[in-house]
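Note that the working numbering has the sequence shown beginning at 175, numbered continuously upward.
Cβ atoms here follow ideal geometry from the backbone N, Cα and C, with glycine treated the same way.
All of these numbers come straight from a predicted model, not from anything done at the bench.
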Amino acid sequence: MFRSNAPVSDNRSSVQETPPPTRILVIGAGYAGLLFTMRLAGKVARQNVQIALVNDSDTFTERPHLPEFATNQVIQWRSLPQILRRTHVQFIQGRVTSIDPAHHEIVVVDQQHTQHMVYDYLVYALGSVTDRQSVPGVAQYAYTLAPSGPLSAAALRETLPSVETKHGHVVICGGGPTGIETAAEVATAYPHLKVHLVTQGPFSLFLGKTVASSIRRSLTRVGVEIIDQTTVAAVRAHSVVLDQASEIPCDLCVWTGGFVAPSLAREAGLAVNERNQIIVDPFLRSISHPEIYAIGDAAHPRENPGVPVVRMSAVTATIMGAHGADCLSAVLRGKTLRPLSFAYLGQGIALGRHNAIGFNNYPDDKPNPPYFTGWLGYLIREGFVRYLATATQRPGIFVWVGKRRYASAQRRQQAREQNKQRQPRRA
175 MFRSNAPVSD NRSSVQETPP PTRILVIGAG YAGLLFTMRL AGKVARQNVQ IALVNDSDTF
235 TERPHLPEFA TNQVIQWRSL PQILRRTHVQ FIQGRVTSID PAHHEIVVVD QQHTQHMVYD
295 YLVYALGSVT DRQSVPGVAQ YAYTLAPSGP LSAAALRETL PSVETKHGHV VICGGGPTGI
355 ETAAEVATAY PHLKVHLVTQ GPFSLFLGKT VASSIRRSLT RVGVEIIDQT TVAAVRAHSV
415 VLDQASEIPC DLCVWTGGFV APSLAREAGL AVNERNQIIV DPFLRSISHP EIYAIGDAAH
475 PRENPGVPVV RMSAVTATIM GAHGADCLSA VLRGKTLRPL SFAYLGQGIA LGRHNAIGFN
535 NYPDDKPNPP YFTGWLGYLI REGFVRYLAT ATQRPGIFVW VGKRRYASAQ RRQQAREQNK
595 QRQPRRA
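This is the structure in structure tokens:
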């Protein structure tokens, strides 16, 4: 099996020995890891392959619903053993503490013991975590939307009611979609709180003027004060310090300002970028260790897959999970691999109970009409989130657009290089 100290059979009397199974370890059961596991399990069901899925929790967390969970809404997390029950996948609950690429081994720790597990292929799907090290005081005083832990969404869920009883101040740092959704949910669920949203750049500039204006109106309507073009210098026990040397009184701070991948890959010596994402080729293999695949938020494609920026998101993770399973299945069957290629099709941002804005962002992840707001926007966003969650359990239904975008991007790059070569050199 997967244990490194498992005895090796030496049955020399048999005329033809059965080759050992190919051992595939998947670490991380978010959108990318779970869909990869389910899709690959279906593709290699008749092959001599063993698959194990390692995750620190026994539930599948839908990260787009964490702001709602943090504000005391009822969210039903799904059991991973229940999802995997119709497959031959071995589920192991534990935390991966180290990777040894030289010996194809990982160390998994749970509440009772430590075990060493070996692999032929490792699939790294550990997702991303909030960057809590860049600003002083964040690690000590700020809550995040991590599913569990001392300053997590679960802890925030328990703390917010007591802060509202004294009409306290809540400061949310980070003006990306996570920060916007958290501010909207907190202000809607707890109207007696004074909610401030601090963002470093112009508010929602990355979403375009039309979407940004709609979001600003919705947040203002529920009482959120937006403080944009302001950098947070430090977080303290009862205040947030801004770069203008001013302070906002703060009974509770929620930090959503930037995400990084876990440091495990960097510590193992894999090629990573500045955000600890494993740098992968078009087939999602580590450029330094090809037997290691990386998918989801923890992966950074070295080549343009057809979109200008591969952003961390549930939809990107789901696409990578499906494509990674297709690539590894092709390797196991000796088939031709296809490069990662996709386009973004649409995006939705929740703005409180039964309110959201949805918009078209095809093909280059830039907002375009049509725009859907209010109840209709909510239905579209919620339907899309449910589709992604369902796809992790029924991966055969998952499809994505832009499967020829990679080839187009490569042709454009080659044309640019040829044009540079044709330009006469200046004397």
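Counting other Cβ atoms within 10 Å of its Cβ, Ser-378 reaches 16 or more and is therefore classed as buried.
The Cβ atoms of Val-345 and His-366 do not sit closer than 7 Å to each other. When rounded, the separation of the alpha-carbon atoms in Gln-314 and Gln-587 is 46 Å.
In this structure, Trp-549 is the residue among Leu-240, Trp-549, Val-489 and Ser-582 with its C-alpha nearest to the C-alpha of Ile-531. Fewer than three Cβ pairs drawn from the stretch 492–502 and the stretch 441–448 lie within less than 8 Å of each other, which leaves the two stretches out of contact.
Taking Pro-310 as the centre and dropping the five residues before and after it, the same chain places the C-beta of Ala-408 closer than 6 Å to its C-beta, in chain order. Under the DSSP assignment, Val-309 falls outside any alpha helix (DSSP H); it carries neither an H nor an E label. Contact between the stretch 422–435 and the stretch 330–350 is present: 3 or more CB-CB pairs across the two stretches fall below 8 Å.
Ranked by Cα distance from Gln-247, the options Val-360, Gly-382 and Ile-469 are led by Val-360.
The beta carbon of Thr-404 sits closer than 6 Å to those of Val-372 and Leu-416, all from its chain and outside the five residues before and after it, given in chain order.
About 15 Å separates the beta carbons of Ser-336 and Ala-328, which is beyond the 8 Å limit, so they are not a contact pair. In this structure, Ala-206 sits near Met-494, with a CB-CB distance shorter than 7 Å. Among the bridge pairs identified by DSSP, Glu-591 is matched with none. Closest in C-alpha terms to Thr-233, from the list Ala-203, Val-434 and Asp-539, comes Ala-203. For the pair Leu-330 and Ala-316, the Cα-to-Cα distance works out to about 10 Å.
At a Cβ-Cβ threshold of 7 Å, Asn-529 and Tyr-552 count as neighbours.
7 Å or more divides the Cβ of Leu-525 from the Cβ of His-497.
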